[in-house]
Each structure stands twice: as structure tokens, then as C-alpha cells.
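> Handing you this structure, nothing more for now.
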Amino acid sequence: MSDKPWGNICNRVDTCALTGAGAFCAGIPGSEILVNGPLWCYFYALRYLEHADYHMAERFHGSQPDNSAIVYGSESYLTDTINRILQQDKYPELLFVESSCSLSLIGDDLNGIVNKLQLPFPHVAMDSGGIVGGFAAGYIKACKTVLDKFAAAVEQEANTVNLLGLSDFYYNGKADTAELVRILRKAGYRVNCVPGSGSKLAALRNIGAAALNIVCHEELGLEIAAYLKERFGTAYISAGLPYGIEGTRKWLQKINEALPAKAMQAILAECDEKSAFLQSWNNDSRCSWGSLWFDRAVVAMPGTAALCLGNALVSEWCDTGSLTIICQNRVEQKDLCKFADDILFADSDGDKISACLKEEGTLLLLGSSSESSIIRHSGNKELISLNMAFPATEQILLTDIPYMGIKGSAHMLERIWNAFIQQSLRR
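Heads up, the sequence shown is in the working numbering, so the first residue is 1 and it goes up one at a time.
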């Protein structure tokens, strides 16, 4: 297998920029998205977004231009679709209009077409850039386009933070965002805005009020943090993601060093209480089932998440002979995981990834169905697979339980132990 199958857009582990841009705006409550493109692009993006929002089709529209648009442009198709939106019982809080990569080549002036309609509600238009990037590129471009139009300079407020680089449309993203916000609020911070993951347009307008921007998923948030620093002068830190109890402590300590918290002891006390609870259960489970040991562990997720989860996996939850991290996209902070034996990237290490997945021995995989399918086809029956990223075809996600933070640490340890016990029973 060449490197390409792991890095291709719309294949294996990534999606197109149109999907990423739609995901950012779909994370704004009350927003609606209009895709100016063929049905294939529309349904591809819709299928991905529906994993996190079952009602997405109600606010995700497609213009469906035919072949004549190549010659005459797509204005009539866009206008017809927007007129249908105008006939709805309720106007959107924000209408986001984007073109697929094929329609971008035609060169229609989306902003001009939309502005000419003099819509009675906020709107923004852009080319998705699907021809030049994946999910992260579209997410970033959409975020900056929305902030360019709506964010205004305001006075910074003490003890106020924004969380950057989170998405409801990463696997379990909505529940994880809620846990991060809960932790920060209990520590005494005021969470001003979480763009792309639940913050309304009014909060995006006021994004410059934060005293500190906290970058979570580096591949989504780092460029946005730099943009906000240049525009509003807001300081930022790239804190990684809080997997595990100790991972949560370190995450909070990084933030506290940059912006001291008012009630840090309250959240650290919760960490202590949960840590003691998990340790007692760990000891009890070992007495019945032995050590939580795997010959190998593989974590395959979006870059920042893969590194931070891998670190928590071997430092807090289980023992393993080796740890391989597979980053679905590029990240610079490799030191987020100090225990990895190998760190691979989907866009450049395809052969190594395939070879790694086909090795024999008991294997714990925290990743997507792309990796587990290769392992199963190789004949390895000693696989324990827990979905942590899309695509996910082997397990369903119905509950709003976080994987990050204090609550998430208990849930992850529970998942790993239960999978380990079931594997032991099958033997």
C-alpha cells in the first residue's frame, strides 16, 4: 500500500474542506448552511455531519446546479434555494453559503450574488477551498471568514477565556466540549466563546473580550489563535487536551500559569477525589482479572487528540509493550506524548502505518474503523478496538458522555477494562 490511501481527501481518515467549513458553521446554534455544488458533494458532507446532529438535513441545503452552470454560472440555482429558505417559518440566525471545489472553478461571485438579495438575516459566503485542503483547512477558513465579518473590537474582560479548535463534528466532540467548559468554570474562569462548538453568533461577535485564548485541537485552533492575536492582541497558549486525571491537572496548570484562576483548588480537589476512586477500582479489577496489559497499543486520531490520549493511556490507564501514535493530520507539538515508541502521520507514513497494523500480538486500538478493518483482514484475533475517531462503523455513539477531563477519565478507564474483560472471557 502506498502512502496516498491514508492521506487522500474524502478517504480513510479525512474529509474535504467543504465538510470542515460546514462543520464550523453547523456548530453555531440556529445557523443554516447552503452548499453550492452537486448532489454528491452535498450528501457526502451531510452524511458526515449527521453523525453529530441527526437533524442536520433540516438546516443543510444544496443548490444542485446542473451541467449548464459550467457555462452560465450558478446564480439562478443559488437564488432559487435561498428563496426557499426565505419561505421558512423561521429565519436562520446565520446563513453560510459555500461552494464545492468543482463549483469554485467556475468563479461565481458568491458574496455578490448573496448580497444582491438583501437578506433580512446575517449571512456570509465563501468558496470552501475543497480543492486545496481537508477538514481542518475548511474549518479554519470558515471561522476566519465569519469572524472577519462579524467580530468587533471590544474591551478585554479579566479572567475570561475562549476555547479554540473544538468541533461538535469530531468524534464525541460535543460532550468533550461540555466537560472542558465545566472544568474551566469550576476553576473560576468565565468561558466567553467556543467557536464552532456551541457558541452563538452573538458570542462570536464578542470573541475579542477574552483575556486568553486556549488552543485545544492544534490543527483546528492554532491558526485561529494567531489570527485573533494579530487582530485583537489576545494572548494564547496551546495547551493540548485533558485526557486522564493527571492530564487534566497538567492542562489546568498550563492555563493557570498564563492566566491565574480564581478557584483552582476546587477543581483540583475534584481531581483528587476521582483519582482515589479510580485507583480503588483499578486495584479491585486487577485482583479478579490480572494486570491491564497489552502487547501493543495504537492510538489513531486527529493529531493533538492522538498525542494527548496516548500519553494518558500509558501513564494512567494501562500497561503496554509498545505505543504507536497515528496522527490523522500534522501537528508540531510531538512532546505532548512522552511515551510513544513511534509517531506516524497519515499523509506521509502510509506504508509504516499498514505494516504496524498487521503486526501480531494482543493489540489495543483507540482509533477509527479504517485501522481496525486492516487489522481484522490481517487475521489478528487479539484485537480490542474502541472507536475514538471517524469513520466509525463498528460502534454507535448515542450518549453524551465525555472522553476528556475528569468525567471522561472514568469513562475511558471503564471502556478499556470492560473490553479487556470481554476479550478474556472469549479466550
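Built from N, CA and C at the ideal position, the CB exists for glycine as well. Treat the numbers as computed from the prediction; the structure is a model and nothing was measured.
If I measure Cβ to Cβ from Asn305 and keep anything under 7 Å in the same chain, skipping five residues before and after, which residues do I get?
Locating residue 305 in the sequence shown gives position 305, where the first residue counts as 1. Note that residue 305 is Ala in the sequence shown, not Asn. Closer than 7 Å at Cβ, skipping near neighbours: His217 and Leu241.
> Thr19 and Phe135 look like a contact to me (Cβ under 8 Å); what is the Cβ gap, rounded to whole Å?
As a first step, residue 19 must be located in the sequence shown, where it is residue number 19. As a first step, residue 135 must be located in the sequence shown, where it is residue number 135. Thr19 to Phe135, Cβ: 6 Å. Contact.
> Quick check: Lys229 and Ile406, are their CB atoms within less than 8 Å of each other?
Here residue 229 refers to the residue found at position 229 when the sequence shown is read from its first residue. Here residue 406 refers to the residue found at position 406 when the sequence shown is read from its first residue. Against a cut-off of 8 Å, the Cβ pair of Ile406 and Lys229 comes out as no contact.
> So, for Ala263: in the same chain, excluding its five sequence neighbours on each side, which residues have a beta-carbon less than 6 Å away from its beta-carbon?
The residue labelled residue 263 in the question sits at position 263 within the sequence shown. Hits under 6 Å: Ala187 and Gly188.
> Tell me whether Asp400 counts as near the ligand SAH, meaning its Cβ is closer than 7 Å to at least one heavy atom of that ligand.
No copy of the ligand SAH occurs in the structure displayed, which carries no ligand at all.
> Going by the CB atoms, is the gap between Ser74 and Asp108 shorter than 8 Å?
Here residue 108 refers to the residue found at position 108 of the sequence shown. Here residue 74 refers to the residue found at position 74 of the sequence shown. Yes; because the gap between Cβ atoms is below 8 Å, this pair is in contact.
> Answer yes or no: do Ala21 and Ala142 have a C-beta to C-beta separation smaller than 8 Å?
The sequence position of residue 21 within the sequence shown is 21, counting from 1. The sequence position of residue 142 within the sequence shown is 142, counting from 1. Closer than 8 Å, so yes.
> Roughly how many whole angstroms lie between the Cα atoms of Asn311 and Lys250?
By one-based count along the sequence shown, residue 311 stands at place 311. By one-based count along the sequence shown, residue 250 stands at place 250. Cα-Cα distance, rounded: 12 Å.
> For the alpha helix (DSSP H) that contains Asn380, what are its first and last residues?
Numbered from 1 along the sequence shown, position 380 holds the residue referred to as residue 380. Element bounds for Asn380: n/a, residue is neither H nor E.
> Could you have a look at Asp272 and say whether DSSP puts it in helix, strand or coil?
As a first step, residue 272 must be located in the sequence shown, where it is residue number 272. Reduced to three states, the DSSP call for Asp272 is helix.
> How big is the Cα-Cα spacing for Glu58 and Asp89?
If you number the sequence shown from 1, residue 58 lands on position 58. If you number the sequence shown from 1, residue 89 lands on position 89. When rounded, the distance between both Cα atoms is 12 Å.
> In whole angstroms, what separates the C-alpha of Glu93 from that of Asn162?
For the purposes of this step, residue 93 is taken as the residue at position 93 of the sequence shown. For the purposes of this step, residue 162 is taken as the residue at position 162 of the sequence shown. Cα-Cα distance, rounded: 21 Å.
> Please state the DSSP three-state secondary structure of Ile9.
Indexing the sequence shown from 1 puts residue 9 at position 9. The predicted position of Ile9 is uncertain, since its pLDDT is 49 and thus under 50; no value can be drawn from it.
> Out of Lys352, Val181 and Asp342, which one is the CA nearest neighbour of Ser199?
If you number the sequence shown from 1, residue 199 lands on position 199. Ranking the options by Cα distance to Ser199, first place goes to Val181.
> So, at 7 Å on beta carbons, what are the nonlocal neighbours of Glu223 in its own chain, with the 5 sequence-adjacent residues on each side left out?
Position 223 of the sequence shown holds residue 223. Contacts found: Ile140.
> From which residue to which residue does the beta strand (DSSP E) around Asp127 run?
Start at 1 with the first residue of the sequence shown, and residue 127 comes out as number 127. Run containing Asp127: His123 to Asp127, per the beta strand (DSSP E) assignment.
> For the alpha helix (DSSP H) that contains Met56, what are its first and last residues?
In the sequence shown, the residue the question calls residue 56 occupies position 56. Premise fails: Met56 is in no alpha helix (DSSP H) and is neither H nor E.
> Can you confirm whether the region 324-334 touches the region 255-269 when touching is taken to mean that 3 or more C-beta pairs between the two stretches lie within less than 8 Å?
No contact exists between the region 255-269 and the region 324-334.
> Residues in its own chain within less than 8 Å of Met1 by CB, not counting five upstream and five downstream?
As a first step, residue 1 must be located in the sequence shown, where it is residue number 1. Only weak support exists for where Met1 lies, its pLDDT of 38 falling under 50; the value from the coordinates is given anyway. Excluding sequence neighbours, Met1 sits near Gly350, Asp351 and Ser354.
> Within a Cβ cutoff of 6 Å, which residues of the same chain sit near Leu78, ignoring the five residues on either side of it in sequence?
The count along the sequence shown starts at 1 and reaches residue 78 at position 78. For Leu78, where only same-chain residues beyond five positions count, the Cβ hits under 6 Å are Asn36, Ser63 and Ile113.
> Just verifying my parser: in three-state terms, what is the DSSP assignment at Asn213?
Locating residue 213 in the sequence shown gives position 213, where the first residue counts as 1. Three-state DSSP puts Asn213 in a strand.
> Kindly indicate the opening and closing residues of the beta strand (DSSP E) around Met404.
For the purposes of this step, residue 404 is identified with residue 404 of the sequence shown, where counting begins at 1. Run containing Met404: none; DSSP gives neither H nor E here.
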